[in-house]
Amino acid sequence: MALAKRIVPALDVKNGRVVKGINFLNLQDVGDPVDTAIAYQNAGADELVFLDISATLEGRSTMIDMITRVSSAVFIPLTAGGGVTDLASIRDIIQAGADKVFLNSAAVANPELMRQGAELFGSQAIVGAIDSKWDEKLQKHRVYVSGGTKATNLETISWAQKMVDYGAGELLVTSMDTDGTKNGYDIALYQALNQAVNVPIVASGGAGKLSDFAAVFKAGHVDAALAASVFHYGNITIPDLKQHLQREGLVIRS
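Okay, so the sequence shown: first residue is 2 according to the numbering used here, each after it adds one.
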């Protein structure tokens, strides 16, 4: 029996508001996080991802109070992160009501943090988040940190494997090349990831039309598709999307 594919709206939050941009730039205000979360739950979202996108850059912890408000308002699973620096940060986010915590910059700085988090809360609660961008000169996908502002020397596929080795029970991988463009997901990236790791993969970046979701599920072999702008601005509704995916023969949660 095939596992149901998941539809996951993302709430990128900055200064207490949901925002969205293109290629991580030119952020536009979308709305209140709690109101947005409730609306998505009512529309049939399977999970929510809460990204405090400026926490690392501003050198502060994730907005715990907002996670508490969001988790108190919805009952669907919530993944949260941004500004995670240590085991106490992970504990605070989970105690605030999140089901899973994603680690991006913190994992690069201290991979052992993933192992510690998995040992304490279980690998299912630790999500390895990767912001990936194609490096034309090196002809490989490079990992970025600090909200996509700083390049590392890490190659995306090998880093994904290491994240799983360190205890990540799921990967949330965003293609910076396609993020916000609405030109479709980076299928080749997810195909490569699927061949390299054996944990669930959440694809992020590039959704623009119904067929983009079907394509990443079928060709990219991912377990969940994350999107923001197409949902925020009403270009695609979750009920319409789920009906389309069912017609495409995919197993979707009702």
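Glycine included, C-beta positions come from ideal geometry on N, C-alpha and C.
- Contact between the segment 79–88 and the segment 99–107 is established, with three or more Cβ pairs separated by less than 8 Å.
- With the rule of 3 Cβ pairs closer than 8 Å, the segment 188–203 does not count as touching the segment 146–153.
- With a cutoff of 8 Å on beta-carbon distance, Gly207 and Lys243 are scored as not near each other.
- Relative to Gln125, the option among Gly250, Glu171, Gln42 whose CA is nearest is Glu171.
- The residues Ala5, Lys6, Lys243, Leu246, Gln247, in chain order, have a CB closer than 7 Å to that of Ile253 in the same chain once the five nearest residues on each side in sequence are set aside.
- The beta carbon of Ala197 sits closer than 7 Å to those of Ile158, Ala161, Gln162, all from its chain and outside the five residues before and after it, given in chain order.
- Closest by C-alpha distance to Lys134, out of Val128, Thr175, Lys15, Val109, is Thr175.
- In the DSSP secondary-structure assignment, Phe214 is not bridged to any residue.
- Beta-bridge annotation (DSSP): Glu156 is paired with Arg143.
- Judged by DSSP in its simplified three-state form, Ser230 adopts helix.
- Here the C-alpha atom of Ala229 lies approximately 21 Å from the C-alpha atom of Val144.
- Taking each of Asp87, Lys15, Ile68 in turn and checking the Cα distance to Ser106, the smallest one comes out for Asp87.
- Following the DSSP letters along the chain, one finds Ala11 in no alpha helix (DSSP H) but inside the beta strand (DSSP E) bounded by residues 7–15.
- Taking all protein chains shown into account, Leu173 has 16 or more neighbouring C-beta atoms within 10 Å of its C-beta and is therefore buried.
- In the three-state reduction of the DSSP assignment, Lys163 falls in the helix class, which pools H, G and I.
- Membership of Gly118 in the alpha helix (DSSP H) is indicated by the continuous run 113–122.
- In this structure, the alpha-carbon of Glu249 lies about 10 Å from that of Phe214.
- If you draw a 10 Å sphere on the C-beta of Ala38, you find 16 or more other C-beta atoms in it, and that means buried.
- Beta-bridge partners assigned by DSSP to Gly129: Leu104, Leu172.
- A Cβ-Cβ separation of about 14 Å leaves Glu48 out of contact with Ile68 under the 8 Å criterion.
- Ranking Ala74, Asn236, Gly181 by CA distance to the CA of Asp13 puts Gly181 first.
- Distance between Arg92 and Leu104, taken at the CA atoms: about 13 Å.
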